[in-house]
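Inspection log for the structure reproduced underneath, given as structure tokens.
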Amino acid sequence: MSETRTFAVLVDNEPGVLARVIGLFSGRGYNIESLTVTEVDDDANLSRITIVTGGTTQVLIQIRNLLERLVPVHRVEDLTAVALANELEPPVQRELALVKVVGAGDKRVEALRIADIFKAEVVDTGLGHFVFEVKGRKEQIDRFIELMVPLGLTEICRSGVIAVSRGDKAL
Amino acid sequence: MSDSKTGAETLINALVEQGVEVIFGYPGGAVLPIYDALFQQNSIRHILVRHEQAAVHAAEGYARSTGKVGCVLVTSGPGATNAVTGLTDALMDSIPVVCLTGQVPTHLIGQDAFQEADTTGITRACTKHNYLVKDADHVSAVVHEAFLVASTGRPGPVVIDLPKDVLMNKTDVYKRKADVRRSSYRPVVKGELSQIEKAIEALSNAKRPIIYAGGGVVNAGPNASQLLVEFTRMTGVPITNTLMGLGVYPASDKQFVGMLGMHGTYEANLAMYNCDVMLNIGARFDDRITGKIDEFSPNSTKIHVDIDPSSINKNIMVDIPIIGDAGHVLEDMIRLWRSKALNIDSGALSDWWGQIETWRSVDCLGFEQKKGDAEIRPQHALKRLHEMTAHRDDVLISTEVGQHQMWAAQYLGFEKPNRWMTSGGLGTMGYGFPAAIGMQVGNPDACCIDVAGEASILMNIQELSTAVQYRLPVKIMIINNQWMGMVRQWQELLHGGRYAESYTESLPDFVKLAESFGAKGIRATKESELDGALQEMLESDVMTIFDCCVTKDENCFPMIPSGKPHYDMLLPGSSQEKVAAAIQGEGLALV
Numbered sequence: 000m001s002e003t004r005t006f007a008v009l010v011d012n013e014p015g016v017l018a019r020v021i022g023l024f025s026g027r028g029y030n031i032e033s034l035t036v037t038e039v040d041d042d043a044n045l046s047r048i049t050i051v052t053g054g055t056t057q058v059l060i061q062i063r064n065l066l067e068r069l070v071p072v073h074r075v076e077d078l079t080a081v082a083l084a085n086e087l088e089p090p091v092q093r094e095l096a097l098v099k100v101v102g103a104g105d106k107r108v109e110a111l112r113i114a115d116i117f118k119a120e121v122v123d124t125g126l127g128h129f130v131f132e133v134k135g136r137k138e139q140i141d142r143f144i145e146l147m148v149p150l151g152l153t154e155i156c157r158s159g160v161i162a163v164s165r166g167d168k169a170l
Numbered sequence: 000m001s002d003s004k005t006g007a008e009t010l011i012n013a014l015v016e017q018g019v020e021v022i023f024g025y026p027g028g029a030v031l032p033i034y035d036a037l038f039q040q041n042s043i044r045h046i047l048v049r050h051e052q053a054a055v056h057a058a059e060g061y062a063r064s065t066g067k068v069g070c071v072l073v074t075s076g077p078g079a080t081n082a083v084t085g086l087t088d089a090l091m092d093s094i095p096v097v098c099l100t101g102q103v104p105t106h107l108i109g110q111d112a113f114q115e116a117d118t119t120g121i122t123r124a125c126t127k128h129n130y131l132v133k134d135a136d137h138v139s140a141v142v143h144e145a146f147l148v149a150s151t152g153r154p155g156p157v158v159i160d161l162p163k164d165v166l167m168n169k170t171d172v173y174k175r176k177a178d179v180r181r182s183s184y185r186p187v188v189k190g191e192l193s194q195i196e197k198a199i200e201a202l203s204n205a206k207r208p209i210i211y212a213g214g215g216v217v218n219a220g221p222n223a224s225q226l227l228v229e230f231t232r233m234t235g236v237p238i239t240n241t242l243m244g245l246g247v248y249p250a251s252d253k254q255f256v257g258m259l260g261m262h263g264t265y266e267a268n269l270a271m272y273n274c275d276v277m278l279n280i281g282a283r284f285d286d287r288i289t290g291k292i293d294e295f296s297p298n299s300t301k302i303h304v305d306i307d308p309s310s311i312n313k314n315i316m317v318d319i320p321i322i323g324d325a326g327h328v329l330e331d332m333i334r335l336w337r338s339k340a341l342n343i344d345s346g347a348l349s350d351w352w353g354q355i356e357t358w359r360s361v362d363c364l365g366f367e368q369k370k371g372d373a374e375i376r377p378q379h380a381l382k383r384l385h386e387m388t389a390h391r392d393d394v395l396i397s398t399e400v401g402q403h404q405m406w407a408a409q410y411l412g413f414e415k416p417n418r419w420m421t422s423g424g425l426g427t428m429g430y431g432f433p434a435a436i437g438m439q440v441g442n443p444d445a446c447c448i449d450v451a452g453e454a455s456i457l458m459n460i461q462e463l464s465t466a467v468q469y470r471l472p473v474k475i476m477i478i479n480n481q482w483m484g485m486v487r488q489w490q491e492l493l494h495g496g497r498y499a500e501s502y503t504e505s506l507p508d509f510v511k512l513a514e515s516f517g518a519k520g521i522r523a524t525k526e527s528e529l530d531g532a533l534q535e536m537l538e539s540d541v542m543t544i545f546d547c548c549v550t551k552d553e554n555c556f557p558m559i560p561s562g563k564p565h566y567d568m569l570l571p572g573s574s575q576e577k578v579a580a581a582i583q584g585e586g587l588a589l590v
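Respectively, the protein sequence lines represent chains A and B. Under numbering that gives the first Met the number 0, the residues of the first sequence are numbered 0 to 170, in order. Under numbering that gives the first Met the number 0, the residues of the second sequence are numbered 0 to 590, in order.
Given below as structure tokens:
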């Protein structure tokens, strides 16, 4: 049975580290549903990678162990598993999307109305288009995009998921 | 800046501090500064191989027979890509190797320069870790970290890619070994005590226990093997070894039930299938061992000791995992077994041994060779090699890959670790001869023999030149059946006897071939010539090829066909119908 998990991985910010992580997934045939990476600690030269992946329990244990085996990896936490173990809600997960909608007339009005419901911000506009910035859980963004399709959606860019655990414990 | 040194000199200093005595390598444009620095010092010896793949295998043979880290030096581009097979081999078999690769100068990286290859990119998947050094100031620290990573935890190959300008630039920075550590790299060596307690309690309650030990015990050092022997004897449990683990338990001991797996013994495989508690120390439930996964030892409590957490629950789900070094864990097991005064129910254990003895009486490795036969059976050739060397403690064996490798594993019996070097994981034809060169360099007085096939040996035959140059008295015993024997066997058993491309036409005359390199050549074709030829080979003090011409169509048994469980073994003399029935369906698609 396959489950979806969100991993937080703290790594040394050095050349090739992302390639090692990605190579591990592609080399062993695991899926990456979403991956984000950026430096989080300038002084300690650390980057944080958030990976959403799916697999059987056995595969998920493997992914964790294989990530930990990489030399530049400091910590690996299966945020979903930690939440389950501590009887907490699933980790806080957010994603940001930029969505371009091109259209006129009623469709344009409707796009703006839906954007308002989703608290999406208009970050660029002209007489024939909007660029919306929308953020939230992955499912909310999926829904927003779905609604924009008949209203003239022409382009999507998504950041991928970032996540932290709930509660007072830090990575 | 009076004592500033070039990157290359700093590199040599760091290697010397690491205790490197020998480098196996091949020069080229990008590494000339290193060769220049090597030329001007006397601490490190360089062995010039004839192909970079052989340099890595030689370093592996050196590492496996001495317990030290093997060191390789190759140039950029083709030098590095030729090393890839060796690096992958070392990764699969967990052998500590540090490979220095030259690189084009930093300002040319990415320009498709002459002899440029993306070495760190290419080797990322076939090394434990790799480095591209971009500043001469970093050279010493990277070297020390590379040796640390290669030799600790689960050992493996590490590549250091060194651009030519980095090697030529001056630096004042020299970090000492003791000052280099990496906070993100902390392999666990001590096993968790509560798990170890659970494990030995499970073992003490067993009625049909077995110990299954692998290459992890070899890597944990000779002391770990001694502890394994102590623990096995104090518990009275039968023990089997993997291909990689041969020698960690004395083969002549009565508690040893032989190698397990695809070509393992009947008694070892049936004991694995029928056991109620399995203690796996330093093995990784490889597919050659498990056969059909869902019928692998179905009724046992499984204990798995491994230094690499990712080996645990990878192929087989286990009940009691212990992450740690085999030596440390065995030490704790012995201590706790004693302090808790544990023992296994002697009645149950003796019933179990009774059962094992009936399996053993099948004599699954039996074969018939009569005195004066026209042909030499390959099993007999290896059995005689074993009998003629059993009294010696200085015999080191490597092999190529195929039938001869399995026969060597079955008939050569090893009493101690670090005496058996074979390509287990990757199955690299061409491994054995360069590995034997590395063994001989590391053990100048030992008798180093590469048991080869006539097909495998041709994959790195050029190394005869290396062996002769350095006066290395390596012995190659070619089990020559003129076929790629294992391929032929599978074609016979699985592909209706359609022997596509498995017969070698135009083989060289190996005696003349040896002589042309300035080595010695011997040949035997009849049983009556075998002992004399073996004696001559063993007594030779120069590089020697013994071309042992054997029965051409011999199959290697016992055999668990792919995709079959342990109880479905084919024994010598299995009927064609049984063979045909055994190998069908899913098994055909497996390797």
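Note that beta-carbon positions come from the ideal geometry of N, C-alpha and C, so glycine has one too.
Buried/exposed call for residue i, threshold 16 Cβ in 10 Å
i: residue 149 of chain A; result: exposed
i: residue 301 of chain B; result: buried
i: residue 518 of chain B; result: buried
i: residue 337 of chain B; result: exposed
i: residue 15 of chain B; result: exposed
i: residue 479 of chain B; result: buried
i: residue 369 of chain B; result: exposed
i: residue 511 of chain B; result: exposed
i: residue 126 of chain A; result: exposed
i: residue 68 of chain A; result: buried
i: residue 409 of chain B; result: buried
i: residue 292 of chain B; result: exposed
Residues sharing a beta bridge with residue i, DSSP
i: residue 240 of chain B; result: B:212, B:258
i: residue 92 of chain A; result: A:162
i: residue 133 of chain A; result: A:96
i: residue 98 of chain B; result: B:71, B:158
i: residue 2 of chain A; result: A:54
i: residue 130 of chain B; result: B:159
i: residue 145 of chain A; result: According to DSSP, which records beta bridges pairwise, residue 145 of chain A is partnered with nothing at all.
i: residue 555 of chain B; result: BP columns for residue 555 of chain B are empty, so no partner.
i: residue 347 of chain B; result: Answer is none; residue 347 of chain B lacks a bridge partner.
i: residue 121 of chain A; result: A:131
Residue from the options whose Cα sits closest to the Cα of residue i
i: residue 12 of chain B; options: B:170, B:131, B:78; result: B:170
i: residue 134 of chain A; options: A:78, A:53, A:95; result: A:95
i: residue 311 of chain B; options: A:58, A:4, A:124, A:153; result: A:58
i: residue 289 of chain B; options: B:19, B:226, B:211; result: B:211
i: residue 261 of chain B; options: B:277, B:386, B:286, B:141; result: B:286
i: residue 102 of chain B; options: B:176, B:95, B:113; result: B:113
i: residue 116 of chain A; options: A:102, A:105, A:131; result: A:131
i: residue 136 of chain A; options: A:28, A:89, A:60; result: A:89
i: residue 428 of chain B; options: B:445, B:419, B:411, B:460; result: B:460
i: residue 399 of chain B; options: B:535, B:359, B:458, B:375; result: B:458
i: residue 357 of chain B; options: B:256, B:377, B:372; result: B:256
Sequence-distant residues of its chain with Cβ nearer than 6 Å to residue i (five each side left out)
i: residue 324 of chain B; result: 188, 219, 306
i: residue 162 of chain B; result: 102, 104, 105
i: residue 119 of chain B; result: 129, 131, 160
i: residue 554 of chain B; result: 488
i: residue 35 of chain A; result: 49, 159, 161
i: residue 348 of chain B; result: 235
i: residue 463 of chain B; result: 516, 518
i: residue 180 of chain B; result: none
Own chain residues within Cβ distance below 8 Å of residue i, not counting five before or after
i: residue 61 of chain B; result: 21, 23, 67, 69, 437, 438, 440, 441
i: residue 0 of chain B; result: The predicted position of residue 0 of chain B is uncertain, since its pLDDT is 49 and thus under 50; a value taken from the coordinates is nonetheless stated next. Same-chain partners within the cutoff: 169, 171.
i: residue 412 of chain B; result: 250, 251, 385, 389
Same chain, Cβ closer than 7 Å to residue i, neighbours up to 5 away in sequence not counted
i: residue 39 of chain A; result: 45, 46, 47
i: residue 383 of chain B; result: 529, 530, 533
i: residue 247 of chain B; result: 212, 216, 217, 224, 227, 240, 416
i: residue 481 of chain B; result: 453, 502, 503, 506, 551
Interface partners of residue i on chain D, CB under 7 Å
i: residue 309 of chain B; result: The chain inventory of the structure shown lacks chain D, comprising the protein chains A and B.
Counting only runs that start and end within the region 281-332 of chain B, where is the beta strand (DSSP E) found for 3 or more residues in a row? Within the region 281-332 of chain B, the complete beta strand (DSSP E) runs of at least 3 residues are 300-305, 319-322.
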